[in-house]
Each structure stands twice: as C-alpha cells, then as structure tokens.
Amino acid sequence: MSLDQSRAPAALIFASGFFGNEAVHVALGVGAAVAIVAGVVGVFTVIRGQSFAGEAFGDIGTAGGSGAFLLGIGPLLGFVIGNVIGAGAMELIGVQRPRGRDLATGIVLGAAIGLGALFLYLTVISQSTSGAAQTILFGSVFEISSSTVPLVILIGAACLAIVATIYRPLLLSSVSAEIAAARGVPVRAIGALYLLALALTVALAAITIGTILSTALLVGPAAAALRLTKSTPRAMLYAAGIGVAALWIGVVLAYDSDHWPPGGRLWPVSFFVVAIVFCAYVLSGLPVAIRERRERRAPAQEPARLGAEG
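The numbering used here puts the first residue of the sequence shown at 11, with every later residue one more than the last.
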C-alpha cells in the first residue's frame, strides 16, 4: 500500500494541514482543559439547580471581555475579572437562599449587560472594529494565543482544587442545605467557594465558544451525564468526556468547513460544539426511556407468567 493510500481515510476526516497547524494544537489543548473543568463544575451546577447563575456569568463575562478589549488586554483576563466581581456582588446581595439567589443574579446580570453594551460601543467607535463583539459573544478558539495556555491551566487547576477541597460538604449542601447546616457545614462559605469556581469556569468556557453559548458547555454535558449515572464522580467523568469529544469534533469540523462549498468560509466552532452537546443530551435520554419502558412492561408480563406456571 502506498503512503498516499494509507493517508486516504484520514484525509476524508481531517483537511490538509490540520495536524501541522499551531492554532489547531492550541485549540485542541485549551478545549480539552476547559471541557474537563466544565464537566466537573457543571455536574454540581445541575445538581444545585444553578444553571441560571451559569448563564448569568456568561452574560456578566460580556462586560469583562468587552472592557478588556477596550483596554487592549486579553479577553480571558477580562472574563475572569468580570465574573469574579459578579460572583462577589451576587454573594453580597443574597445568593445563599434560592429566592435571594435568583434576585441577586437578575440584578447583577442586568447591570453587567448594560456595562457590556457600553464597553462594546466604546470599543467600536474608538478602534473602528466589529471583531470584538464576534469574539466575545461567540468565541474564537482558533485565535487563542499560545501565551494564554499557562493562564488557562492555572485557572482550570484552581477550579478543580476548589471542588476537590470542598467536595463532600458541597455535595451534601447541594442535596440538602438544611441537613448540611444541621451537621455543622458552613453552607454559605461552601456556596461562595463553589460560586467562585463557577465564575472561573464560565470565564474559561467563554474564550472557547463565547459568552452567549458558554452555558451549553457547562450544563449540557453534565445534564447528559447525570441522565446516564447517579454516581457524582462517574457523572463528572462522563461530563468531561462528552465535553472534550464535543470540542474536539467541533474543532475538526470547523477546520474542515474552510474547504466546504460554497465559498470555503470557516464556520464557527461554537456552532458545532453546541449542536454536538445538544445531540449528546438527546441521546442520553434513550437508555432512560428504554429502562422505563421495560419497567412498565414487567408488571404486565408478571401475571401472564404466573398463570402459565400455574
């Protein structure tokens, strides 16, 4: 078999230059790191019912990211600063109670969206560019600089360290805050630390698929994983795997799209990632549906079996 023939199957999947492209290497590495962190933190986001808070951090990050563009600094740093400030504000307003949590989230979210709109406007009129809005809202994983990788690793490691440190009290307070408080767990402090990890995770997701779609990577894989297993550690593993697969496949498809007709324009990675996550969530419901169908059939079949035996 010739060398060209041996490469033929791979050429059908990977467009020319894929493996030698530095931007692709960075996208795959950063995407994997972000997906793992999002999978771990996302499981607790779903268990605690704080998907709205995750969505809010995505929108809050718009203010931080647009402010970073206005000042001429990296968007990741802006996302982090904006989300950390937002987390602090939400905690001060009253995030410890479910009703207060939604109220605080809504208040901070409204203020952040207003600031984001102002910063984007000032960026456009001062720098005569419209690329900032595209990058902030929908991400640009192929444009992540290799110099950003150490910061991504540092923030990701901090998120995982927070979750690992407070894992048991966080799980207990997520299932029942009342029982956790009765057992002496500092519920509000644990919630504040989790909120910090959530804010940082959404900031990481924002640089890959944008602030608007960051919740898809945070919640989608975790929700699918929790459909497949009730074990929290296993759900984290599944969620991380689904997220990594979605990002890697999204990178491959986005890179290949440059060679698709018509026109040969690069499709956004975020579109593919969100579509894959959605499909994964839908497919994760199949085992549940099959199991429920079998359970419904079992009671009906039992009398017939007993009658045949009698």
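The beta-carbon is built from N, C-alpha and C at its ideal position, and this holds for glycine as well.
Practice task
Assign Cys289 to one of two classes, buried (16 or more other C-beta atoms within 10 Å of its C-beta) or exposed (fewer than that).
Solution key: Counted from its first residue, the sequence shown places residue 289 at position 279. Classification of Cys289: exposed, given that the 10 Å Cβ count is below 16.
Handout entry: DSSP state of Gln144 mapped onto helix, strand, coil
Key = For the purposes of this step, residue 144 is identified with residue 134 of the sequence shown, where counting begins at 1. Note: Gln144 maps to helix in three-state DSSP.
Exercise for the section: Check the C-beta distance from Val283 over to Gly52 and give it rounded, since I have them as a contact under 8 Å. Expected result: Taking the sequence shown and counting its residues from 1, the one referred to as residue 283 is at position 273. Taking the sequence shown and counting its residues from 1, the one referred to as residue 52 is at position 42. The Cβ separation is near 14 Å, so there is no contact.
Practice task
Spatial neighbours of Asp266 within its chain, please: CB distance less than 7 Å, with the 5 preceding and 5 following residues excluded, ordered by chain position.
Solution key: Counting from 1 along the sequence shown, the entry for residue 266 is found at position 256. Within the same chain, Asp266 has close Cβ partners Ala25.
Problem - Rounded Cβ spacing between Thr55 and Gly64 (contact assumed at less than 8 Å) - result: The sequence position of residue 55 within the sequence shown is 45, counting from 1. The sequence position of residue 64 within the sequence shown is 54, counting from 1. Right, the Cβ-Cβ distance comes to about 5 Å (below 8 Å), so this counts as a contact.
Exercise for the section: State the start and end residues of the unbroken alpha helix (DSSP H) segment that holds Leu38. Expected result: Walking along the sequence shown from the start, residue 38 turns up at place 28. Unbroken alpha helix (DSSP H) run through Leu38: 32-57.
Handout entry: Extent of the continuous alpha helix (DSSP H) run through Trp258
Key = For this step, residue 258 is matched to residue 248 along the sequence shown. Where Trp258 is concerned, the enclosing alpha helix (DSSP H) stretches over 242-267.
Practice task
Between the Cα of Ile117 and those of Val162, Leu147, Glu101, spot the shortest distance and give me the residue it belongs to.
Solution key: Indexing the sequence shown from 1 puts residue 117 at position 107. Comparing Cα positions, the closest option is Glu101.
Problem - Spatially closest choice to Ile57 from Ser183, Val47, Gly126, Val254, by CA coordinates - result: For the purposes of this step, residue 57 is identified with residue 47 of the sequence shown, where counting begins at 1. Checked all of Ser183, Val47, Gly126, Val254; the closest Cα to Ile57 is Ser183.
Exercise for the section: Specify the secondary structure class of Thr221 as computed by DSSP and reduced to three states. Expected result: If you number the sequence shown from 1, residue 221 lands on position 211. It is coil, neither helix nor strand.
Practice task
Give the single residue among Leu180, Ile189, Ala190 whose Cα lies nearest to the Cα of Leu203.
Solution key: Locating residue 203 in the sequence shown gives position 193, where the first residue counts as 1. Ranking the options by Cα distance to Leu203, first place goes to Leu180.
Exercise for the section: Identify whether Phe28 lies in helix, strand or coil by the three-state DSSP scheme. Expected result: Residue numbering aside, residue 28 sits at position 18 when the sequence shown is read from its first letter. Note: Phe28 maps to coil in three-state DSSP.
Problem - Among Ile70, Ala45, Leu238, the one whose alpha carbon lies nearest that of Asn93 - result: To locate residue 93, count along the sequence shown from 1; it is residue 83. Of the candidates Ile70, Ala45, Leu238, the one whose C-alpha sits nearest the C-alpha of Asn93 is Ile70.
Problem - Leu263 versus Trp277 - alpha carbon distance - result: Taking the first residue of the sequence shown as position 1, residue 263 is located at position 253. Taking the first residue of the sequence shown as position 1, residue 277 is located at position 267. Using only the alpha carbons, I get a separation of about 8 Å.
Practice task
Answer yes or no: do Val8 and Val151 have a C-beta to C-beta separation smaller than 8 Å?
Solution key: It is not possible to answer for residue 8, since the shown part of the chain is limited to 11 through 320.
Handout entry: Cα-Cα separation, Ala256 to Leu208
Key = The residue you call residue 256 lines up with position 246 of the sequence shown. The residue you call residue 208 lines up with position 198 of the sequence shown. Cα to Cα, the separation comes out at about 20 Å.
Practice task
Can you grab the Cα-Cα spacing for the pair Gly74 / Gly82, in whole Å?
Solution key: On the sequence shown, position 64 is the one that residue 74 refers to. On the sequence shown, position 72 is the one that residue 82 refers to. So the two alpha carbons sit approximately 12 Å from each other.
Handout entry: Among Ala99, Leu38, Gly126, nearest to Phe89 - alpha-carbon criterion
Key = Walking along the sequence shown from the start, residue 89 turns up at place 79. Among Ala99, Leu38, Gly126, the Cα nearest to that of Phe89 belongs to Gly126.
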